[in-house]
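What follows is the structure, encoded as structure tokens:
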């Protein structure tokens with residue numbers, strides 16, 4: 109059984125388990141999904157960085173690459189909206205590149221300045237591509253196979269929400285099923301996603317702002 113299939117089975121089992129264990133939860137409750145996966149990477153300052161460096165902070169995790177022409181600019185715009193809305197020293201963002209060949213620490217620092225990130229707790233990380241792929245699988249966040257052409261790289265437009273204790277947290281729906289992750293994309297209407305900076309941002313963006321504030325108060 110390949111690793112991808114095992115990952116799919118694991119997440120299905122996780123969802124089924126939450127159906128039975130979280131029926132009493134309201135939609136605004138934040139359940140604990142799992143421990144944030146352990147990792148060791150290099151940040152935009154050329155320093156070693158692990159998940160332990162974010163203990164005591166509430167933060168979002170995303171996968172991206174600096175030359176992404178489609179969803180990444182939208183995700184970054186929405187992260188800036190979130191950053192401005194929170195404005196708390198205990199909040200942070202972890203952005204993991206999926207294109208380490210091009211996204212060196214120097215390039216990541218340039219990108220950090222380019223998007224006018226304000227938070228000193230916004231870290232942009234890189235590592236070997238195979239290692240990044242393994243970390244994304246542990247998060248159960250989709251990441252396409254590595255290709256040499258940066259334009260062909262594929263990844264999810266989702267954010268993982270992590271609390272101060274290093275637990276991934278999520279809302280549940282009326283049936284007790286967790287959202288798992290929050291969309292960082294934009295909507296043109298209720299029917300589809302618009303990969304454009306001119307679109308109306310996804311309701312998940314408003315939702316995750318509310319949930320970050322809740323976790324900061326815990």
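Numbering (our numbering), first residue to last: 109 to 326. For every residue, glycine included, the Cβ atom is placed at its ideal position computed from N, Cα and C. Being a predicted model, the structure only gives us computed values, none of them experimental.
Check your understanding: Going straight from the alpha carbon of residue 154 to that of residue 139, what length do you get?
Key -> Locating residue 154 in the chain shown gives position 46, counting from the first residue. Locating residue 139 in the chain shown gives position 31, counting from the first residue. Spanning the two alpha carbons is a distance of roughly 35 Å.
Practice item. Give a yes or no on contact between the stretch 158–165 and the stretch 175–195, applying the rule of three or more CB pairs nearer than 8 Å. Key: With a cut-off of 8 Å, the stretch 175–195 and the stretch 158–165 do not count as touching, because too few Cβ pairs lie within range.
Review point. Secondary structure at residue 161, three-state DSSP: helix, strand or coil?
Key: The residue labelled residue 161 in the question sits at position 53 within the chain shown. Helix.
Exercise for review: Work out the CA separation of residue 269 and residue 170 for me, nearest whole Å.
Suggested key: Numbered from 1 along the chain shown, position 62 holds the residue referred to as residue 170. Numbered from 1 along the chain shown, position 161 holds the residue referred to as residue 269. Cα-Cα distance, rounded: 9 Å.
**Study point:** Closest by C-alpha distance to residue 318, when choosing among 183, 166 and 202
**Key:** The residue you call residue 318 lines up with position 210 of the chain shown. Comparing Cα positions, the closest option is 166.
Check your understanding: In terms of alpha-carbon separation, which member of 175, 276, 200 and 265 lies closest to residue 225?
Key -> Here residue 225 corresponds to residue number 117 of the chain shown, with the count starting at 1. Closest by C-alpha distance to residue 225, out of 175, 276, 200 and 265, is 200.
Point to revise | Contact the stretch 228–240 vs the stretch 269–287: 3+ CB pairs below 8 Å | key: no
**Study point:** 6 Å Cβ shell around residue 289 - same chain, five flanking residues per side excluded
**Key:** Taking the chain shown and counting its residues from 1, the one referred to as residue 289 is at position 181. Cβ within range, chain order: 266 and 268.
Review point. So, using beta-carbon positions, are residue 190 and residue 316 closer together than 8 Å?
Key: In the chain shown, the residue the question calls residue 190 occupies position 82. In the chain shown, the residue the question calls residue 316 occupies position 208. Cβ distance < 8 Å, so residue 190 and residue 316 count as in contact.
Check your understanding: What three-state label does DSSP hand residue 275 in the structure shown?
Key -> For this step, residue 275 is matched to residue 167 along the chain shown. DSSP places residue 275 in strand when its eight states are reduced to three.
Point to revise | Exposed unless 16 or more other CB atoms sit within 10 angstroms - verdict on residue 311 | key: Reading the chain shown from its first residue, position 203 is the one you call residue 311. Classification of residue 311: exposed, given that the 10 Å Cβ count is below 16.
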